[in-house]
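Engineer: After the structure tokens below, expect a handful of questions from me.
Numbering (the UniProt record's numbering), first residue to last: 1 to 945.
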């Protein structure tokens, strides 16, 4: 009903029927008596209210004769809207929860800010507690909530559409302009979601999750000579709800109350309509499953919400272009894209594409719901852009592959056992043409179950029934120890002879039949629903088992083995410290080291063995939780029940309401949203879509124990150390020291390289100042009289450099003391070189040194090297004085009674305080800088060892 102005003033305002507004897209607002605004066309409203048609963004004003009638109307509208919407809240309600949480958080932050929400004047009218759209977007950018202004506009529009904010006169959508908006908390027009809507939201989520489980909870059940399809036992559902980590139901009582609420709100019912929801083995069924089966039931509450389009069992394949083609063709069968042809030897064949399979999605687009002309156009667009295709193609969990026998061989390799896995398939071979793919697990060979047979036995089954046998086959069939993972006793030839009698009786066959299990399957459901704006949207929810699940764990084990091997090397190097251990304690120390190393060697052996096993394992593709404890196995290192839940939402790009809601990045739920526009050269043939992807990965930690606490069993025992924390501290200390030592040696080499081009050997003997480092060997004495260094920098060259070489340079280091001493090095050398040339102390027979110019580039490099060297020396000294070394001396004092921490530091202090002496040495005698640096590095290495 819409307010119209009648010509007859005596009749007053009349209500004329102007059509219907769907209550599902209706927003109702109260209007205070005496209000005359834009929506009422300037008329004064008494006993009135506003209705907002969100689908068309139109406002309507209604009035009642009395306040009592107005209240009755409002209650009737709200009641009718709740009844009609029923379960239609679905995805939009979940979005509403996220937006409302975001809005409440932003509201509190804006109130604390103080200057954003305040009374503002506009056209002689004061609007209390409001904010400007432009200030709101700028503030979001300032606090880092958004990264660009477009995101702020989307967020503001989402808050407006979900009833968190509104324009002060309800005339405009959200715009980043000088317009006033107000939080509905401040004017009393905010209405939170009620309990029924909470149940609806949880119910929709529960329904989606129950239909995406690898081990289904909902299944067909025989009861009293009748089969009930897609039912769940009440007590099993309660068990499952408690086992989930979502926290919705923590006890059986909470789960039972939730089940009762689901029944009361039209989600599910007892199959015979004879019982309420109880913690008993009673059969219940979702109404949505009955609609899928076409059952004629009284309740039709879910026919407008999340309608199931198709159940999906598929696998994802990556197909790259090759010479301008993908290597396959499609045909239209019953309005569904089916693979018509696959080119032999193409990337499509190698990826596992087979003729007759149905394609569900390509690059995230649900092409099986598009017209075939659009599918063809979509593929051409991808081909023109040379993009690889991610194809979601239908498959079966288990299938039989018949490979024709050929004189050239079957064209595939297998590895592992229990079950054996197809490791590789040759391009263009008979195996590839028959549909065999890498990763498939061999369950049967010619009808004989080989899932638990050894590798040799599987090869024998394949070989015994072939007509063509190559002489090299038996040799090639033998796997290496690395490929199999565990050794087996019987040889391939012996097992083949064992099956020869069977082959003679059955007769040679012209093909080999393999029953294989497909891996990395994706179980999913495709839904469709209508948004509040009337836009048809689609949801693909699927559960994915992670690829590389076992190979990644194998790499972790290899890393653990390498870490232990490095630790063993460090332990072996302790044998060189016999001089610091008294003779009477050396034997005891050796025994302790030997026991430790032997234990670590056993652990390394286990790591490597389990790594080999996991590399060749492909099935099952996840580790299932078991109540029964078993001996330690390679899978004990894998996460338990690791699955990836993916929900992909797609809708046409013309949609505005849903698009803005889903296009906002929220802190409460992390999800990745990406927008793709399919631009086609043939205009009008391809409708652009928007895609949003939500991903949740669930898994449990590896099992810590197996077979109780018995010795030699359990992951925890394998990882057990007497003091794992102490060992970790020492390993980190050694790593840091070795890294710093390598850096020091690198600096020494770089300094030598820089100074090698500007050295000379003077014939004269000069008086050498007091040595920097005490001479411990004749080599060091010889080095002191070796090469000498001279620098000369001209004044013009220094001016042209554009910067002062003496000044501190933060780009090299933060150490000002190092910079000051090092930066003055060049000028000191130059001045000393000058004084050296004109010194009266020179004998007449001495030759003048050759003055060599050093470029500013080399000055900078030398500054950097010396600065870095001093920094590394300081870090090493700090490590050697740190708590880890103190702890090491405390724990080993019984083995080294004559070498305590205090003695070590007293010995270290004069020799590793070299940076200070080196800076002084640069000023007094820069000529012997290379030998001084080398002596410093040698002392550092000695103390580190």
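Glycine residues also receive a C-beta, built at the ideal position from the N, C-alpha and C atoms.
#1: Please tell me whether residue 432 and residue 426 are closer than 8 Å, where the distance is taken between their beta carbons.
#2: Rounded to the nearest angstrom, what separates residue 905 and residue 944 at their Cα positions?
#3: Measure the Cβ-Cβ separation of residue 514 and residue 421 and say whether it is below 8 Å.
#4: Using only the heavy atoms of the ligand ATP, determine whether one of them is closer than 7 Å to the beta carbon of residue 856.
#5: Are the beta-carbon atoms of residue 879 and residue 754 separated by less than 8 Å?
#6: Can you give, in chain order, each stretch of the alpha helix (DSSP H) that sits fully within the region 113-156 and has at least 4 residues?
#7: Quick one: Cα of residue 328 to Cα of residue 391, how far?
#8: Closest by CA to residue 153, which one among 365, 318 and 173?
#9: Just tell me which of 615, 593 and 583 has its CA closest to the CA of residue 415.
#10: In or out: residue 202 buried (at least 16 other Cβ within 10 Å) or exposed?
#11: Bridge partners of residue 652, per DSSP?
#12: Take residue 361 as the anchor and find which of 315, 265, 932 and 605 has the nearest alpha-carbon.
#13: If you draw a straight line from the alpha carbon of residue 803 to that of residue 867, how long is it in whole angstroms?
#14: Can you tell which of 436, 258, 34 and 387 has the C-alpha that lies nearest to the C-alpha of residue 946?
#15: Determine the burial state of residue 524: buried for a count of at least 16 other Cβ atoms within 10 Å of its Cβ, exposed for fewer.
#16: Counting along the chain, where does the alpha helix (DSSP H) carrying residue 862 start and finish?
#17: Just confirm the distance between the C-beta atoms of residue 262 and residue 271, as a whole number of angstroms; I'd bet it's less than 8 Å.
#18: With DSSP collapsed to three states, give me the class of residue 272.
#19: Beta carbon of residue 564, beta carbon of residue 600: below 8 Å?
#20: Using the DSSP secondary-structure output, state which residues sit across from residue 415 in a beta bridge.
#21: Is it buried or exposed, residue 939, if we count other Cβ atoms within 10 angstroms and call 16 or more buried?
#22: What is the DSSP secondary structure of residue 284, counted as helix, strand or coil?
#23: Given residue 736, which residues of its chain have a CB within under 7 Å of its CB, disregarding the five upstream and five downstream residues?
#24: Please go through the same chain and pick out, in chain order, the residues whose beta-carbon is closer than 7 Å to the beta-carbon of residue 941, but skip the five residues on each side of it.
#25: With a threshold of 16 other CB atoms inside 10 Å of the CB of residue 521, please say whether the residue is buried or exposed.
#26: Is residue 611 closer than 8 Å to residue 557 when the C-beta atoms are compared?
#27: Along the chain, where does the beta strand (DSSP E) that runs through residue 350 open and close?
#28: Can you tell me the Cβ-Cβ gap for residue 321 and residue 357, rounded? I've got them flagged as a contact below 8 Å.
#29: Using 10 angstroms around the beta-carbon of residue 455, count the other beta-carbons present and answer buried if the total reaches 16, otherwise exposed.
#30: Is the distance from the Cβ of residue 389 to the Cβ of residue 540 below 8 Å?
#31: So, helix, strand or coil for residue 943, using DSSP?
#32: Can you tell me where the alpha helix (DSSP H) with residue 593 in it begins and where it stops?
#33: In angstroms with no decimal places, state the Cα-to-Cα distance between residue 115 and residue 128.
#34: Keeping to the same chain, check which residues put their C-beta closer than 6 Å to that of residue 233; ignore five residues upstream and five downstream.
#35: Excluding five sequence neighbours on each side, which residues of the same chain lie with their C-beta closer than 6 Å to the C-beta of residue 418?
#36: Tell me residue 358's beta-bridge partners as DSSP assigns them.
Structural biologist: This is what the structure holds:
#1: Going by beta carbons, residue 432 and residue 426 fall inside the 8 Å limit.
#2: Taking the straight line joining both Cα atoms gives about 12 Å.
#3: No, the pair does not count as a contact, with Cβ atoms beyond the cut-off.
#4: Of ligands this structure carries none, so the ligand ATP is not represented either.
#5: No, they are not a contact pair.
#6: With a minimum length of 4 residues, the continuous alpha helix (DSSP H) runs that stay inside the region 113-156 are 133-143.
#7: CA-CA distance, residue 328 to residue 391, rounds to 12 Å.
#8: Ranked by how close their Cα comes to the Cα of residue 153, the residues 365, 318 and 173 have 173 in first place.
#9: Looking at the Cα atoms, 615 is the closest of the given residues.
#10: Around the beta carbon of residue 202, 16 or more other beta carbons lie within 10 angstroms, which makes this residue buried.
#11: Looking at the DSSP assignment, residue 652 forms a beta bridge with 689.
#12: When each option's Cα is compared against that of residue 361, the closest is 315.
#13: Because residue 803 carries a pLDDT of 43, less than 50, the predicted location of this residue cannot be relied on, and the following value inherits that uncertainty. Residue 803 and residue 867 have their C-alpha atoms spaced approximately 19 Å apart.
#14: What the structure shows of the chain is the stretch from 1 to 945, and residue 946 is not part of that stretch, so it cannot be assessed.
#15: Looking at its Cβ environment, which holds 16 or more other Cβ atoms inside 10 Å, residue 524 is buried.
#16: Note, residue 862: alpha helix (DSSP H), 856-880.
#17: Cβ-Cβ separation between residue 262 and residue 271: approximately 15 Å, too far for a contact (criterion under 8 Å).
#18: Coil, per DSSP.
#19: Yes, Cβ-Cβ distance for residue 564 and residue 600 is below 8 Å.
#20: According to DSSP, residue 415 shares a beta bridge with 421.
#21: Buried, since its Cβ has 16 or more Cβ neighbours within 10 Å.
#22: In this structure, DSSP gives residue 284 an extended state, which the three-state scheme calls strand.
#23: 879.
#24: For residue 941, where only same-chain residues beyond five positions count, the Cβ hits under 7 Å are 741.
#25: Residue 521 is buried by the Cβ-count criterion.
#26: Going by C-beta atoms, residue 557 is nearer than 8 Å to residue 611.
#27: Careful: residue 350 lies outside any beta strand (DSSP E), inside the alpha helix (DSSP H) at 347-351.
#28: Not a contact, Cβ separation roughly 20 Å.
#29: With a threshold of 16 other beta carbon atoms within 10 Å, residue 455 meets it and is buried.
#30: Contact check for residue 389 against residue 540 fails: the beta carbons are separated by 8 Å or more.
#31: Helix at residue 943.
#32: 583-615 is the span of the alpha helix (DSSP H), which, as asked, contains residue 593.
#33: Here the alpha carbons of residue 128 and residue 115 stand approximately 13 Å from one another.
#34: Non-local C-beta neighbours of residue 233 in its own chain, meaning closer than 6 Å and more than five positions away in sequence, comprise 281, ordered along the chain.
#35: Once the five neighbours on either side are set aside, the close Cβ partners of residue 418 are 452.
#36: The partner list for residue 358 (beta bridge, DSSP) reads 338.
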